[in-house]
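The structure appears below as structure tokens.
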Amino acid sequence: MSKGLFDLSGKVALVTGGNSGIGLGFARGIAKQGGDVVIWGRNADKNAEAVEELKGFGVRASANSVDVSSQEDVVAGFVALMEEYGRVDTVIANAGMPPNTQSCLTATAEQYHELLGTNMHGAFYTLQEGAKHMVARAEAGEPGGSLVFCGSLSMFQGVPGIVGYAAAKGGIGAVVRCMAAELGKFGIRANNIAPGYIKTGFMGGDRDGQIEPPEKWSDIDKYFASKAAIARPGFPQDFEGIAAYLASDASSWHTGDTLVIDGAALIMM
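Using this note's numbering, read the sequence shown as starting at 21 and increasing by one per residue.
Set out below in structure tokens:
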């Protein structure tokens, strides 16, 4: 029997910030296609709940508490991953701090660097270390691998009050394009995902992340829905398919791209 186009059996994915929200949407999408999933998250209870759910899809799943802003923690996290699973095929750098709304005139150096420490440097450490393991496997005769960064529409827009957040997202967007150019010879691809407005638990969404009917939308949900061509908010469920695609061999020639998942809100602005 031939395997499905997005079959991920035998593959292992790491999703940072994967115990809730968009990250859990990524993890669900991979697990539903048979891929094993490792989550890095800082909340032990959420980690345990996510792992239990993912195992329900019949795959291996585990979680680790890793501070991605620490390169030493990231390296140790990959050591643990490789000891347990023996390989990593997909790395999704999704962990990050939310914007700390602050004027560019009054933002302190501490606030600016705190955001960059997690959202930019942490993502780079994660993707870099994952790439090292993929390159080693390629040099042993098995090329391939997928690096994914979860950005935002601030990669394209000028948004008042989020200079540090936008700098981190835009900066790693450029890093990913450089990685795509450099690592293609190993069969490794690197892509960005840029979500629009997403109703996660932080915005009052249910943990299951499923698309909600309009009667459950808040006023802010309705506002952002009115800005999109497909007039609804985004939900974590919307990121299951794109994760499965980018983790699968179906995307083996898709690299250096930024995939905007926003219901066409960006082009409507």
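For glycine and all other residues, C-beta sits at the position ideal for the given N, C-alpha and C.
- Within the model, the alpha-carbon separation for glutamine 131 versus histidine 141 is close to 14 Å.
- Glycine 216 and glutamate 260 have their C-alpha atoms some 15 Å from each other.
- From the listed residues Arg209, Ala284, Asn211 and Asn212, the smallest Cα separation to phenylalanine 244 is found for Ala284.
- DSSP, reduced to helix, strand and coil, places arginine 209 within a strand of the structure shown.
- The three-state secondary structure of glycine 165, taken from DSSP, is strand.
- Non-local C-beta neighbours of aspartate 87 in its own chain, meaning closer than 6 Å and more than five positions away in sequence, comprise Asp93, ordered along the chain.
- Look at the segment 215 to 286 and you find these whole runs of alpha helix (DSSP H), each 4 residues long or longer: 239 to 245 and 260 to 267.
- In the structure shown, the three-state DSSP call for asparagine 114 is coil.
- Annotated three-state conformation of aspartate 56 is strand, per DSSP.
- Per DSSP, alanine 81 lies in no alpha helix (DSSP H); the unbroken beta strand (DSSP E) holding it starts and ends at 81 to 84.
- Ranking Ala263, Asn211 and Met289 by CA distance to the CA of histidine 274 puts Asn211 first.
- The DSSP assignment places complete alpha helix (DSSP H) segments of no fewer than 4 residues inside the segment 175 to 207 at 183 to 203, in order along the chain.
- Distance from the CA of alanine 267 to the CA of leucine 125, rounded to the nearest whole angstrom, comes to 41 Å.
- Per DSSP, the continuous beta strand (DSSP E) segment holding threonine 36 begins and ends at 32 to 36.
- A Cβ-Cβ distance of about 6 Å is found for the pair methionine 117 and asparagine 139, placing them in contact under the 8 Å criterion.
- Taking the Cα of isoleucine 112 as reference, the smallest distance to any Cα among Ile213, Ala194, Ala100 and Ser82 is reached at Ile213.
- Cβ-Cβ distances below 7 Å link leucine 136 to Gly184, Ala187 and Ala188 in the same chain, with the five nearest sequence neighbours on each side left out; the list follows chain order.
- About 15 Å separates the CB atoms of alanine 81 and aspartate 109; that is not less than 8 Å, and the two are not in contact.
- Membership of histidine 133 in the alpha helix (DSSP H) is indicated by the continuous run 129 to 136.
- With 16 or more other CB atoms across the displayed protein chains lying within 10 angstroms of its CB, asparagine 67 is buried.
- For threonine 146, the uninterrupted alpha helix (DSSP H) segment begins and ends at 143 to 159.
- Residue Arg209 holds the alpha-carbon nearest to the alpha-carbon of serine 272 among Ala47, Phe77, Arg209 and Glu159.
- By the C-beta density criterion, threonine 121 is exposed, having fewer than 16 other C-beta atoms within 10 angstroms.
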